[in-house]
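Trainee: Residue numbering for the sequence shown follows our numbering, beginning at 15 and increasing consecutively. I'd like to ask some things about the structure below.
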Amino acid sequence: MLYLLISILTGTSLVFIFKLFQRFRIHTFQGIVFNYITCVVVGFLFSGGTRVVQPQVFEQNWVIFALALGTLFMVTFYLIALSTQKVGVTATSVATKISLVIPVLFSLLILQNSLKDYTIINYIGMFAALVAIVLSSLRPQKNDSDTNTSTALSLLLPFVIFINSGVADSLINYTNQYHLQQHEAPQFTMVTFMASAVVGLLILVIMLLTGKTRINTRSIVAGVILGIPNYFSIYFLIKALYAFGNDGAFLYPINNIGIILTGALGAVVLFREKLTRLNLVGLAMAVLALILISYQEIAANLF
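Structure (structure tokens):
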């Protein structure tokens, strides 16, 4: 249970740190690049990266998927930062964590490796997840010329994050089933983080050479502050999976519910984020959706 709680706290802290990026005027993209560099460094120091990533690793057939996933992580993390700053912590947390609908459907319809028979209740939960994103993303209308743009942005960003996060999880599922051996998981994780860092660095170098940005010391510090919990959010999630007998069908919904609720509470208390009645309904529906999607596993573990 301790690992689960730490996983929830570190996972929630990421969107809070993104919100602080805005408050302290941190260059978001620079901060994310240095975040992934920090993840790689922490991974090497904490898990013996020099032993994990050997030259022959890049000859494995799963490397292309790790590189693709690393690129997707970089893009999605940047969108999460924008959504946190422009739409809000609550809507971003809901969109990110409710995205497990996509890998569930991918496993069911494409991989066809479901370990249970899905019922109408499960499918109602998936539909409720989509509704939850819309309701939690809506913001009060403003009487200005930017109202339409703001409304479109508040709906578009969470949905793109929902799709990207779901595609990333599905890619992990596919790679794990067809290309990855269990003992190769640490290597896959490190190569993925390295890909994110390299993609980010390449873009940052181009921006520096074209004069579109300058390295800011605060961005480096912010990236380190973000990168440490980012790495450990994954580390403790894996530890929690082992503690719960690798029962991801039970753990992921509980972990995601915890992050959604903690994120919403923190948004209100720490950042004075105002939630409308529709937002609260969307928040409740997100929790309900996760419960309906995995009610069989939750019932089996609790009763």
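Backbone N, C-alpha and C fix where the C-beta goes; we use that ideal spot for every residue, glycine too. None of the values given here were measured: they were computed from a predicted structure.
1. Please decide whether Ser210 counts as near chain C, where near means a Cβ-Cβ distance under 8 Å.
2. Exposed or buried, Gln70, counting other C-beta atoms within 10 Å across all chains shown (16 or more means buried)?
3. Note down the Cα distance separating Leu86 from Ala182, rounded to an integer number of angstroms.
4. On the three-state DSSP scale, how would you describe Leu289?
5. Hey, quick one: how far does the alpha helix (DSSP H) through Ser233 stretch, first residue to last?
6. In three-state terms, what does DSSP make of Arg37?
7. By the three-class DSSP mapping on this structure, what secondary structure does Met140 have?
8. For the alpha helix (DSSP H) that Gln310 lies in, which residues bound it at each end?
9. Taking only the alpha-carbon atoms, compute the straight-line gap between Ala109 and Met204 and give it to the nearest angstrom.
10. Would DSSP call Val101 helix, strand or coil?
11. Mind checking which residues open and close the alpha helix (DSSP H) that includes Ile217?
12. Can Ala12 and Ala80 be called in contact, C-beta distance under 8 Å?
13. Between the stretch 114–121 and the stretch 277–294, can you find at least three pairs of beta-carbon atoms closer than 8 Å?
14. So, for Ile234: in the same chain, excluding its five sequence neighbours on each side, which residues have a beta-carbon less than 7 Å away from its beta-carbon?
15. Could you check which residue in Gln310, Ala313, Ala303 has the C-alpha nearest to that of Ile138?
16. So, with DSSP's three-state summary, where would you put Ile305?
17. Roughly how many whole angstroms lie between the Cα atoms of Arg39 and Gln99?
Mentor: Working from what's here:
1. Structure shown: chain C not included; a single protein chain is present.
2. exposed
3. 7 Å
4. coil
5. 231–257
6. helix
7. helix
8. 309–316
9. 26 Å
10. coil
11. 199–223
12. Shown here, the chain extends from 15 to 317; a query on residue 12 therefore has no answer.
13. no
14. Phe48
15. Ala303
16. helix
17. 11 Å
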